[in-house]
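Participant: So that we are looking at the same thing, I have put the structure below in structure tokens.
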């Protein structure tokens with residue numbers, strides 16, 4: 052792995068070894084001056100193929116191409132941060148598939164380098180911060196080091212602060228921040244973290260249109276946020292409302308429908324245990 056404060060490693064000229072490549076049935080030719088962008092495009096092609104079909108071989112190829120591109124780009128190149136972020140995301144995806152800790156460490160190191168290299172005010176700085184926060188949270192969930200959790204929250208907070216209202220990625224970053232606060236609440240028990248989790252999840256839901264594929268899951272996140280921890284009946288009513296809305300927005304046959312129905316049933320069951328209304332018991336089943 053190339054450190055972000057080192058010169059690029061000496062590698063063979065790609066143009067000498069990869070001048071013609073078949074992608075999607077078409078042969079493409081590239082000269083040396085196009086090699087870096089070609090490697091990035093080819094890596095993204097393999098990564099998108101992996102996301103479509105789950106073939107780990109495509110993910111391996113994506114990492115190879117992204118790594119080679121990063122090695123060729125000097126730190127002074129303004130596009131290097133984006134390439135590092137892509138590489139970090141690919142390593143993170145392989146960790147999620149195979150569970151090998153070195154992949155997660157590589158993900159974090161590349162995302163760190165991306166954040167260090169990308170200037171303040173750059174359009175993609177919030178994306179790099181969000182990716183780094185996600186990687187830290189993944190490592191916290193694996194190893195339990197509270198420092199990783201704190202780093203996740205600080206990076207997610209900064210990503211949200213730098214993402215303008217109206218940006219399509221704002222709801223997702225708010226949801227990530229809310230999840231990070233909830234994780235810290237569950238670990239340390241500070242009610243302020245739980246309140247911050249709820250407020251960020253609420254904003255995420257408010258900014259996510261009904262037709263968005265993530266709306267139901269964000270509603271469920273919000274529904275699961277507060278009642279079972281504080282026991283306020285207003286929170287219980289809101290939880291049921293959010294779970295009902297999630298079920299309504301999820302089409303029959305969707306793989307998440309059973310989970311959303313289960314969450315709704317659990318909410319009715321909890322209210323039945325609290326108030327004893329037989330209708331809630333019937334709705335739970």
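Numbering (the working numbering), first residue to last: 52 to 336. Each residue gets a CB set at the ideal place from its N, CA and C atoms; glycine is no exception.
(1) Looking only at C-alpha atoms, which of 209, 170, 202, 315 sits nearest to residue 3?
(2) Do the CB positions of residue 293 and residue 312 come within less than 8 Å of each other?
(3) At 4 residues or longer, what runs of the alpha helix (DSSP H) sit wholly inside the stretch 71-151?
(4) I need the straight-line Cα distance from residue 39 to residue 154, nearest angstrom please.
(5) Could you check how far apart the C-beta atoms of residue 224 and residue 181 are, in whole angstroms? I think they sit under 8 Å.
(6) Among 284, 266, 239, whose alpha-carbon lies nearest the alpha-carbon of residue 196?
(7) Return helix, strand or coil for residue 336, following the three-state DSSP convention.
(8) If you run the structure through DSSP and keep just helix, strand and coil, what is residue 301?
(9) Along the chain, where does the alpha helix (DSSP H) containing residue 204 start, and where does it finish?
(10) Drop a sphere of 10 angstroms on the beta-carbon of residue 261, count the other beta-carbons inside from all chains shown, and report buried for 16 or more, exposed for fewer.
(11) So, for residue 336: in the same chain, excluding its five sequence neighbours on each side, which residues have a beta-carbon less than 6 Å away from its beta-carbon?
(12) By DSSP, does residue 172 sit in helix, in strand, or in coil?
(13) Going by DSSP in three states, residue 217 sits in which element: helix, strand or coil?
(14) Measuring alpha carbon to alpha carbon, tell me which of 88, 163, 116 ends up nearest residue 206.
(15) Roughly how many angstroms separate the alpha carbons of residue 271 and residue 214, rounded to a whole number?
(16) Just confirm the distance between the C-beta atoms of residue 210 and residue 187, as a whole number of angstroms; I'd bet it's less than 8 Å.
(17) Can you tell me whether residue 159 is buried or exposed, with buried defined as 16 or more other CB within 10 angstroms of its CB?
(18) Is the CB-CB distance between residue 93 and residue 116 below 8 Å?
(19) For a quick check, are the C-beta atoms of residue 258 and residue 308 less than 8 Å apart?
(20) Using 7 Å as the cut-off, classify the Cβ of residue 301 as near or not near the heavy atoms of the ligand MG, replying yes or no.
(21) Just list the alpha helix (DSSP H) runs in the stretch 236-286, keeping only unbroken ones of 4 residues or longer that don't cross its boundaries, in chain order.
(22) The alpha helix (DSSP H) with residue 338 in it runs from where to where?
(23) Taking C-beta to C-beta, are residue 121 and residue 134 nearer than 8 Å?
(24) Would residue 166 pass as a contact of residue 183 if the rule is Cβ separation under 8 Å?
(25) Would residue 330 be called buried (16 or more neighbouring beta carbons within 10 Å of its own) or exposed?
(26) Going along the chain, which residues of its own chain have a beta-carbon closer than 7 Å to the beta-carbon of residue 77, five neighbours each way excluded?
(27) Out of 289, 157, 234, 104, state which residue places its alpha-carbon closest to the alpha-carbon of residue 191.
Facilitator: By the coordinates alone:
(1) What the structure shows of the chain is the stretch from 52 to 336, and residue 3 is not part of that stretch, so it cannot be assessed.
(2) no
(3) For the stretch 71-151, whole alpha helix (DSSP H) runs of length 4 or above, ordered along the chain, are 86-104, 107-123, 131-149.
(4) Outside the shown range of the chain, which is 52 to 336, sits residue 39, and nothing can be said about it.
(5) 5 Å
(6) 239
(7) coil
(8) Residue 301 falls in the coil class under three-state DSSP.
(9) 197-213
(10) Around the beta carbon of residue 261, fewer than 16 other beta carbons lie within 10 angstroms, which makes this residue exposed.
(11) none
(12) coil
(13) coil
(14) 163
(15) 24 Å
(16) The Cβ separation is near 12 Å, so there is no contact.
(17) buried
(18) yes
(19) no
(20) No copy of the ligand MG appears in this structure; indeed no ligand is present at all.
(21) When DSSP assignments are scanned along the stretch 236-286, the uninterrupted stretches of alpha helix (DSSP H) that are 4 or more residues long and fall wholly within it turn out to be 242-258, 266-274, 278-281.
(22) The question about residue 338 has no answer, for the chain in this structure spans 52 to 336.
(23) yes
(24) yes
(25) exposed
(26) With a pLDDT of 41 at residue 77, under the threshold of 50, the modelled position of this residue cannot be trusted; read the value that follows with caution. Excluding positions up to five away in sequence, the list is empty.
(27) Of the listed residues, the one whose Cα sits closest to residue 191 is 234.
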